[in-house]
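Number of protein chains: 2
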Amino acid sequence: MSREQEMPKYQQIAADLRAAIVDGDYAPGARLPGENALMSEYGVARMTARQALAALISEGLAVSRKGSGVFVREFRQIVRDGVNRLASAKWGRGSSIWASETRNRSLKVDQMTINEVEPPAHVKSALDLSGDETVICRSRRYVLDGKPILLASSYLPSRIAHGTRMVERDTGSGGIYARLSEIGYEPVHFQEDLRARMPLLPEVDQLKLDPATPVVDIVRIAYTEDGQPVEVNEMTADSSAYIFRYRFNS
Amino acid sequence: MSREQEMPKYQQIAADLRAAIVDGDYAPGARLPGENALMSEYGVARMTARQALAALISEGLAVSRKGSGVFVREFRQIVRDGVNRLASAKWGRGSSIWASETRNRSLKVDQMTINEVEPPAHVKSALDLSGDETVICRSRRYVLDGKPILLASSYLPSRIAHGTRMVERDTGSGGIYARLSEIGYEPVHFQEDLRARMPLLPEVDQLKLDPATPVVDIVRIAYTEDGQPVEVNEMTADSSAYIFRYRFNS
DNA sequence: TAGTGGTCTAGACCACTAA
DNA sequence: TAGTGGTCTAGACCACTAA
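As you go down the protein sequences, you meet chains C and L in turn. Sequential numbering from 1 applies to the first sequence in my numbering. Sequential numbering from 251 applies to the second sequence in my numbering.
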């Protein structure tokens, strides 16, 4: 129970529950008092009890399951090593850049589309394309242990990708970067821009996001040795599934 | 107005408004129809109209201002170059690592505390400290154009920082990293881990966050040439103020 | 079948904003 | 002072879950 006469009731209730969760009185996955329990315990109306629970849910501390209850949220994140995963030694010898991040867990691509399209404006400028050049867009959804974690769209200039395995579903050992290297466009320099934001509704569906889960947009541009951009990869990640790691020197 | 008999009313209303915002019918900063307008336009109760607006707010598309209305959200982000900002050439010659990110804008530290403390568990293991070693914790809040954007706590082993300018408020030209270099602990290797999540209530206050704004936790560890960890910097950033950029090779 | 969270109503009073 | 969003009540019915 709380004091603080000035604080709205629902915030007082939320504060009590929040403190109990942070203190560990309710472990991850544990069931919290429901609407009815809060109504009688605090003597408030249903909508007020709901507001309190909604506050915890919107902070990402709790999730509700219809017909079942409200529970303390559980997390399980994988480390994505932004630099080492793209070391040419990795894809050079044909292994997936995902291997070290997902060992012992099942990673699948469960949706893939390949299309030739007009480039979106920012892709066009990132790839330094002239007026009417088209791009190959490879879109995929990655699923880890049955949970979607990443949406990725890779854009390649059509003039480079045409007639190669880069426009096929299976790009072969070492993937796109190995194929680019074989035809003289080895990607050597990379830039990744990260932005966190709340997801839009279609993204909530596609990534099966819990409430109050931000997404992270990652835009990677790959450049050849002489600075020519050869690929743009736009990704949207479930932030609750990821730790983004970057190692660098000097 | 929407169809979709199965969708709850408040979601239909939210969908109408969302589409209008995405289509640009309401520009950033524009005023949206309020509770009363939605109640009469859709013939729903106040709480239902509120639910619709709450959905947009929780997606980060809108913000409400009490007594005034609900408005389309505006963004203004700065690029934080994770790698170049730490190039020794920068702090080596004494300039702030913030300079290039914030030109023409006013960046200030408006809160600072310096304490000798027992290290939190993860700091202790990151800095490879023995049982009873303490650390110097420098905590600051950074404010850009009057808006708090970053909370940062830098941890240094007491045995290294004691008796140097690193325990004073003004650490001098080039900052902590310049001071570390002078006494034989030049930071050369860095690791940054990024995590996005929803803020807790005290963070909402400290960073004056709009609703539905995620924060990004950044944990940076600085290592000397021979791999000895010398500093851990834990940061919490307002994600709506930042684009995180990393450039790297191979 | 009992209990749960999800949606919704038709009111009320309040503090705040802006004309 | 009129209008706004914020809080709150005391009900109702629903679909869903789990015993």
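From the three backbone atoms N, C-alpha and C, an ideal C-beta is built for every residue, glycine too.
Q.
What does the alpha-carbon distance come out to for the pair residue 289 of chain L and residue 300 of chain L?
A. Within the second sequence, numbered from 1, the residue matching residue 289 of chain L stands at position 39. Within the second sequence, numbered from 1, the residue matching residue 300 of chain L stands at position 50. Taking the straight line from one Cα to the other gives about 9 Å.
Q | Residues near residue 270 of chain L by beta carbon distance below 8 Å, same chain, minus five either side | A | Mapped onto the second sequence, residue 270 of chain L falls at position 20. Counting only Cβ-Cβ distances below 8 Å, and skipping sequence neighbours, we find 276.
**Q.** Same chain only: Cβ atoms within 7 Å of residue 327 of chain C, ignoring 5 sequence neighbours per side
**A.** Given a span of 1 to 250 for chain C in the structure shown, any question on residue 327 of chain C remains unanswerable.
Q | Terminal residues of the beta strand (DSSP E) in which residue 194 of chain C lies | A | Reading the first sequence from its first residue, position 194 is the one you call residue 194 of chain C. First-last of the beta strand (DSSP E) with residue 194 of chain C: 189-197.
Q) So which residues of chain L does residue 247 of chain C contact, with C-beta pairs closer than 9 Å? A) If you number the first sequence from 1, residue 247 of chain C lands on position 247. Within 9 Å Cβ-Cβ: 439, 440, 441, 442 and 498.
Q.
Using a Cβ-Cβ cutoff of 9 Å, what residues of the stretch 35-51 of chain C are near chain L? List them in chain order.
A. 47
Q: Say whether chain C places a C-beta atom closer than 7 Å to the C-beta of residue 373 of chain L.
A: Taking the first residue of the second sequence as position 1, residue 373 of chain L is located at position 123. Closer than 7 Å: no.
Q) CA-CA distance, residue 9 of chain C and residue 323 of chain L? A) The residue given as residue 9 of chain C occupies position 9 in the first sequence. The residue given as residue 323 of chain L occupies position 73 in the second sequence. Taking the straight line from one Cα to the other gives about 28 Å.
Q) Counting pairs of beta carbons, one from the stretch 132-140 of chain C and one from the stretch 109-116 of chain C, are three or more of them closer than 8 Å? A) yes
**Q.** Contact set between residue 138 of chain C and chain L, taken where Cβ atoms lie within less than 8 Å
**A.** Locating residue 138 of chain C in the first sequence gives position 138, where the first residue counts as 1. Result: empty, since nearest Cβ-Cβ is about 23 Å, beyond 8 Å.
Q) Within this structure, are the beta carbons of residue 496 of chain L and residue 246 of chain C separated by less than 7 Å? A) Here residue 496 of chain L is taken as the residue at index 246 of the second sequence, counted from 1. Here residue 246 of chain C is taken as the residue at index 246 of the first sequence, counted from 1. Cβ atoms of residue 496 of chain L and residue 246 of chain C: closer than 7 Å.
Q) Does DSSP classify residue 121 of chain C as helix, strand or coil? A) Counting from 1 along the first sequence, the entry for residue 121 of chain C is found at position 121. Reduced to three states, the DSSP call for residue 121 of chain C is helix.
Q. Near residue 77 of chain C, which residues of its chain fall below 8 Å by C-beta distance, leaving aside the five closest residues on each side in sequence?
A. The count along the first sequence starts at 1 and reaches residue 77 of chain C at position 77. Contacts found: 240, 241, 242 and 243.
Q) Between residue 487 of chain L and the rest of its own chain, which residues show a CB-CB distance below 7 Å, the 5 nearest in sequence each way excluded? A) Locating residue 487 of chain L in the second sequence gives position 237, counting from the first residue. These residues qualify, in order along the chain: 399, 400, 465, 466 and 468.
Q. Since residue 484 of chain L is in the alpha helix (DSSP H), which residue starts that stretch and which ends it?
A. Start at 1 with the first residue of the second sequence, and residue 484 of chain L comes out as number 234. Per DSSP, residue 484 of chain L belongs to no alpha helix (DSSP H); it is in the beta strand (DSSP E), 479-488.
Q.
Report the start-end ranges of each beta strand (DSSP E) in the stretch 113-186 of chain C that is 3 residues or longer and not cut off at the edges.
A. 135-144 and 147-157
(Q) Less than 7 Å between CB atoms is the rule here; does residue 307 of chain L satisfy it with respect to chain C? (A) In the second sequence, residue 307 of chain L corresponds to position 57, counting from 1. It does not: the Cβ of residue 307 of chain L has no partner Cβ on chain C nearer than 7 Å.
Q) To which residues does DSSP link residue 243 of chain C through a beta bridge? A) The residue you call residue 243 of chain C lines up with position 243 of the first sequence. Answer is C/79.
Q: Could you name the residues of the same chain whose beta carbon sits closer than 8 Å to that of residue 306 of chain L, not counting the 5 residues immediately before and after it, in chain order?
A: What you label residue 306 of chain L is simply residue 56 of the second sequence in a count that begins at 1. For residue 306 of chain L, where only same-chain residues beyond five positions count, the Cβ hits under 8 Å are 264, 267, 268, 271, 282, 312 and 320.
Q) Taking the alpha-carbon positions, what's the residue 402 of chain L to residue 286 of chain L distance? A) In the second sequence, the residue the question calls residue 402 of chain L occupies position 152. In the second sequence, the residue the question calls residue 286 of chain L occupies position 36. For residue 402 of chain L and residue 286 of chain L, the distance between alpha carbons rounds to 42 Å.
Q: Using 10 angstroms around the beta-carbon of residue 60 of chain C, count the other beta-carbons present and answer buried if the total reaches 16, otherwise exposed.
A: Reading the first sequence from its first residue, position 60 is the one you call residue 60 of chain C. Buried, because 16 or more other Cβ atoms sit within 10 Å of the Cβ of residue 60 of chain C.
(Q) To be precise: take each residue of the stretch 456-467 of chain L, compare its Cβ to all Cβ atoms of chain C, and keep it if any distance is under 7 Å. Which residues remain? (A) 462, 464 and 466
(Q) So residue 243 of chain C contacts chain L; which residues on that side make the cut at Cβ distance below 8 Å? (A) Walking along the first sequence from the start, residue 243 of chain C turns up at place 243. Near residue 243 of chain C (Cβ distances below 8 Å), the residues of chain L are 443, 444 and 445.
Q | Inter-residue Cα distance where the pair is residue 161 of chain C and residue 235 of chain C | A | Taking the first sequence and counting its residues from 1, the one referred to as residue 161 of chain C is at position 161. Taking the first sequence and counting its residues from 1, the one referred to as residue 235 of chain C is at position 235. Going from the Cα of residue 161 of chain C to the Cα of residue 235 of chain C covers about 20 Å.
Q) Does DSSP classify residue 313 of chain L as helix, strand or coil? A) Reading the second sequence from its first residue, position 63 is the one you call residue 313 of chain L. Correct three-state label for residue 313 of chain L: strand.
Q: Say whether chain L places a C-beta atom closer than 7 Å to the C-beta of residue 239 of chain C.
A: Mapped onto the first sequence, residue 239 of chain C falls at position 239. Yes, contact with chain L.
**Q.** Own chain, CB closer than 8 Å to residue 433 of chain L, minus 5 neighbours either side, in chain order
**A.** Translated into the one-based positions of the second sequence, residue 433 of chain L becomes position 183. Result list for residue 433 of chain L: 410 and 414, in chain order.
Q. So, is the C-beta of residue 333 of chain L closer than 7 Å to a C-beta in chain C?
A. Here residue 333 of chain L corresponds to residue number 83 of the second sequence, with the count starting at 1. Answer yes: the Cβ-Cβ gap between residue 333 of chain L and chain C drops below 7 Å somewhere.
Q. Thinking C-alpha only, which one of C/169, C/134, C/224 and C/90 is nearest residue 156 of chain C?
A. By one-based count along the first sequence, residue 156 of chain C stands at place 156. The shortest Cα separation from residue 156 of chain C among C/169, C/134, C/224 and C/90 belongs to C/134.
Q.
Residues in the same chain with beta-carbon distance under 7 Å from residue 379 of chain L, minus the five sequence neighbours each way, listed in chain order, please.
A. Here residue 379 of chain L refers to the residue found at position 129 when the second sequence is read from its first residue. So the list reads 369 and 407, once near-sequence residues are dropped.
Q | Exposure label - residue 75 of chain C; buried when at least 16 CB within 10 Å | A | On the first sequence, residue 75 of chain C is found 75 positions in, with the first residue counted as 1. Counting Cβ neighbours within 10 Å, residue 75 of chain C comes out exposed, since fewer than 16 surround it.
Q | Rounded distance between the beta-carbons of residue 104 of chain C and residue 439 of chain L, thought under 8 Å | A | Here residue 439 of chain L refers to the residue found at position 189 of the second sequence. Here residue 104 of chain C refers to the residue found at position 104 of the first sequence. Residue 439 of chain L to residue 104 of chain C, Cβ: 28 Å. No contact.
**Q.** Which listed residue (L/331, L/347 and L/330) has its alpha carbon closest to that of residue 338 of chain L
**A.** Within the second sequence, residue 338 of chain L is the residue found at index 88, counting from 1. Here the closest residue by C-alpha is L/347.
Q) Applying the criterion that 16 or more other CB atoms from any shown protein chain within 10 Å of the CB defines a buried residue, is residue 475 of chain L buried or exposed? A) In the second sequence, residue 475 of chain L corresponds to position 225, counting from 1. Classification of residue 475 of chain L: exposed, given that the 10 Å Cβ count is below 16.
**Q.** Closer than 8 Å at the beta carbon, the chain C residues around residue 310 of chain L
**A.** The residue labelled residue 310 of chain L in the question sits at position 60 within the second sequence. By Cβ distance, chain C contributes 197 and 198.
Q. Taking the Cβ atom as the reference point for each residue, do residue 483 of chain L and residue 431 of chain L lie within a distance shorter than 7 Å?
A. Taking the first residue of the second sequence as 1, we reach residue 483 of chain L at position 233. Taking the first residue of the second sequence as 1, we reach residue 431 of chain L at position 181. For residue 483 of chain L and residue 431 of chain L, no; Cβs fall outside 7 Å.
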